[in-house]
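Student: Count along the sequence shown starting at 1, add 5, and that's the number in our numbering.
Submitted below is the structure of interest, expressed as structure tokens.
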Amino acid sequence: MKRIYLSLLLTAGLTTSCSDVLNVEPEYVKDGNQIFTNLRDYEFALTGAYAQFRTVGYYGSGGQTTSTWGNLPDMMSDILAQTGDDLANWQNQSNWEYETNENDLEVAWLAAFGIISQANLTLRNIEQFSSTSPKAVNRIKGQALAIRGLVHFDLLRFWGESYGFNDSSKGIPFVDQVDIMQKPARLSVAESWTKIFKDLTEAETLLGDVDQAINSGTAKSYIDANAVRAILARANLYAGRYAEAENYASQVISAVPLATSKAAFESIWSDAGITEVLWKVPFSAGEGSPSSGLHNGPSNRNRFRPTSTALALYDQEADIRYAAYFTDRNAANGTPRKIVKKFLGRGDAIDNLVDWKAFRVAEQYLIRAEALALQNKTDLANADLNALRAARITGYTAKSYSGQELLNEIADERIRELIGEGHRFFDLKRTTKVVERKDPSQLASTVLTLPSSHRAWTWPIPQSEMDANDSMAGQQTTGY
């Protein structure tokens, strides 16, 4: 398995270290066959796993590869539109024209398995310290399991042919050990879910019994018990386990409040506050950006813009999200343009240097509302939808919906709340499986419709992986 093999080999040979996840730099080299001799080694390995979330191809954005699990899924949908400023850098993805040799898909594949291999390195033989430092082991092991479960879930979002909990269609390889010679086969979706949920539920248990707080009051750079529950809520919604999604979202909502003021909400996006943030990936100067593929601030290139259909969903005067998420910025020739400013920078900066907010409690309200609606708990679903809207829209008056209308309203609210955060393509994949781009100002090169039967809903396994891993023989994504 050439590609996963390479990722494991590099990770086994290099363990990063630093007490601050903001600035993780290599400190020493440890042979992959050498067992760590103290818990500090495991702390270093865990910090290295967190650092790799900034990798170009995961949440990081580079010159030719954008943040795969950040902005990209919205670029592939109907709420962000490619412009001529993008120079067709991500046209293959945004137009769903990828093939098995698509470089950006390979970059994403490697980025994900790089994090997984670092998590596995953190987990290997850590139980040797369980008798002397059980709560410290719980803290380190719980985070590593959460990371491994989350990244496999993210892989399933793109590479799973369906999301049904018991579905026998093609899922993903699951790597749960440090072995540079392994050649894991592609599991079914059901088998993939079983392993993902095993990691996440064990992580939740372990992180409930730790030796010290995982996050400080002013930072959310590490995955704690509430963040794991947020991951579980999202994963269970995808898997169609609505009672479980409701349960986990409820626990998060009970523990973490929504932002209740315009100032508190806006501070989330400038990194001046962490209200309602459950886990974020910090980006500091020199560590790249999670958002340069949207509006590139330093070059003033508006590569992807909000569509007119997305903007029309907002009450531009009363909804505090509108001013927090969008602004006008003229092109070099003076042409006015609407841009996504949600990830533009800290304070007055326009350098795209912000932390990536991977999980927020607002999403949990939307998860629970949808899960409740799909269990025919209509009044409770409306209560969640109205609670979120009341926190976002000045003078909002509660409304009541039912049936498909309620689900449609929740879907629209997901756009209003989560635009640019990488949910829309997956939301369509797990529900209607149709993309219809209706913005009248799309580029002539833009493909306008992705029908439900199209192969592009699921990414192909990179050809280099298929060539190197004989366990994947006959397991390429259907249609490629």
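Backbone N, C-alpha and C define an ideal beta-carbon position, used for all residues, glycine too.
Assuming residue 296 and residue 43 form a contact by the criterion Cβ under 8 Å, report the distance between their Cβ atoms to the nearest whole angstrom.
Tutor: Incorrect: roughly 38 Å between the Cβ atoms, too far for contact.
Student: Using the rule of at least 16 other Cβ atoms within 10 Å of the residue's Cβ for burial, across every protein chain shown, is residue 302 buried or exposed?
Tutor: So residue 302 counts as buried.
Student: Could you spell out where the alpha helix (DSSP H) holding residue 140 opens and where it closes?
Tutor: Run containing residue 140: 139 to 164, per the alpha helix (DSSP H) assignment.
Student: Considering only the beta carbon of each residue, do residue 213 and residue 230 sit closer than 7 Å?
Tutor: Yes, the pair counts as a contact, with Cβ atoms nearer than the cut-off.
Student: Using the DSSP secondary-structure output, state which residues sit across from residue 301 in a beta bridge.
Tutor: Bridge partners of residue 301: 306.
Student: Decide if residue 172 is buried, meaning its Cβ has at least 16 other Cβ atoms within 10 Å, or exposed.
Tutor: The residue is buried, with at least 16 neighbouring Cβ atoms inside 10 Å.
Student: To the nearest angstrom, report how far apart residue 48 and residue 127 are at their CA atoms.
Tutor: Those two C-alpha atoms are separated by around 8 Å.
Student: Would you list the residues sitting across from residue 324 in a DSSP beta bridge?
Tutor: The partner list for residue 324 (beta bridge, DSSP) reads 398.
Student: Let me check one thing: in DSSP terms, what residues is residue 87 bridge-paired to?
Tutor: According to DSSP, which records beta bridges pairwise, residue 87 is partnered with 309.
Student: Just to confirm my understanding: we take residue 357, look at its own chain, exclude 5 residues before and 5 after, and list those with CB closer than 7 Å. What are they?
Tutor: Cβ within range, chain order: 294, 296, 297, 301, 302, 348, 349 and 350.
Student: Take the Cβ of residue 35 as the centre, count every other Cβ of all protein chains shown within 10 Å, and call the residue buried at 16 or more, exposed below.
Tutor: Bear in mind that the predicted position of residue 35 carries a pLDDT of just 46, short of 50, making it unreliable; the figure below should be weighed with that in mind. It counts as buried.
Student: Give me the residue from 162, 462, 473 and 405 with the minimum Cα distance to residue 383.
Tutor: Ranking the options by Cα distance to residue 383, first place goes to 405.
Student: Give me the Cα-Cα distance between residue 465 and residue 277, rounded to the nearest whole angstrom.
Tutor: Going by the C-alpha atoms only, they are around 40 Å apart.
Student: Can you tell me the Cα-Cα spacing of residue 228 and residue 53, whole angstroms?
Tutor: Taking the straight line joining both Cα atoms gives about 14 Å.
Student: With a Cβ-Cβ cutoff of 7 Å, do residue 366 and residue 257 count as a contact?
Tutor: In this structure, residue 257 lies closer than 7 Å to residue 366 by Cβ.
Student: Can you tell me which of the three DSSP states residue 52 falls into?
Tutor: Helix.
Student: Between the Cα of residue 424 and those of 78, 388 and 50, spot the shortest distance and give me the residue it belongs to.
Tutor: Answer by Cα proximity: 78.
Student: Taking just the CA atoms, how far does residue 363 sit from residue 426?
Tutor: Approximately 8 Å between the Cα atoms of the pair.
Student: Do residue 142 and residue 152 have their CB atoms nearer than 7 Å?
Tutor: For residue 142 and residue 152, no; Cβs fall outside 7 Å.
Student: Would you kindly report the start and end of the unbroken beta strand (DSSP E) that includes residue 283?
Tutor: Segment 282 to 286, the beta strand (DSSP E) holding residue 283.
Student: Name the two residues that bound the continuous alpha helix (DSSP H) containing residue 199.
Tutor: Unbroken alpha helix (DSSP H) run through residue 199: 194 to 212.
Student: Taking the C-alpha atoms as reference points, what is the distance between residue 100 and residue 462?
Tutor: Distance between the alpha carbons of residue 100 and residue 462 is about 11 Å.
Student: In its own chain, which residues sit with a C-beta less than 6 Å from the C-beta of residue 177, not counting the 5 before and 5 after it?
Tutor: Only 160, 161, 164 and 197 meet the Cβ criterion.
Student: In the DSSP assignment, find the unbroken beta strand (DSSP E) run with residue 261 in it and report its ends.
Tutor: First-last for residue 261: undefined, no H or E at that position.
Student: Measuring CA to CA, which of 139, 112, 145 and 149 is closest to residue 122?
Tutor: Closest by alpha carbon: 149.
Student: Would you mind working out which of 400, 280 and 117 sits nearest residue 268, comparing C-alpha positions?
Tutor: For the residues 400, 280 and 117, the minimum Cα distance to residue 268 belongs to 280.
Student: Assuming residue 369 contacts residue 235 under a Cβ cut-off of 8 Å, what Cβ separation, rounded to an integer in Å, is found between them?
Tutor: About 6 Å separates the two Cβ atoms, so the contact holds.
Student: Would you please state the rounded distance, in angstroms, between the beta carbons of residue 73 and residue 116? I believe it to be under 8 Å.
Tutor: The pair is a contact, with the Cβ atoms about 7 Å apart (cut-off 8 Å).
Student: Less than 6 Å between C-beta atoms, sequence neighbours within five positions excluded: which residues of the same chain meet that for residue 401?
Tutor: Around residue 401: 394 and 395.
Student: Residue 255 CB to nearest chain C CB: under 7 Å?
Tutor: Structure shown: chain C not included; a single protein chain is present.
Student: Hey, which unbroken runs of the beta strand (DSSP E) at 3 residues or more fall wholly within the region 338 to 381?
Tutor: Whole beta strand (DSSP E) segments, 3+ residues: 343 to 345 and 361 to 365.
Student: Flag this pair as yes or no: are the beta carbons of residue 253 and residue 237 separated by less than 7 Å?
Tutor: For residue 253 and residue 237, yes; Cβs fall inside 7 Å.
Student: Can you tell me the Cβ-Cβ gap for residue 330 and residue 346, rounded? I've got them flagged as a contact below 8 Å.
Tutor: About 7 Å separates the two Cβ atoms, so the contact holds.
Student: Within the same chain, show all residues whose beta-carbon is closer than 8 Å to that of residue 195, passing over the 5 residues directly before and after it, in chain order.
Tutor: Cβ neighbours of residue 195 beyond the five flanking positions: 169, 170, 171, 172, 173 and 176.
Student: Mark residue 437 as exposed unless 16 or more other C-beta atoms lie within 10 angstroms of its C-beta, in which case mark it buried.
Tutor: Residue 437 comes out exposed.
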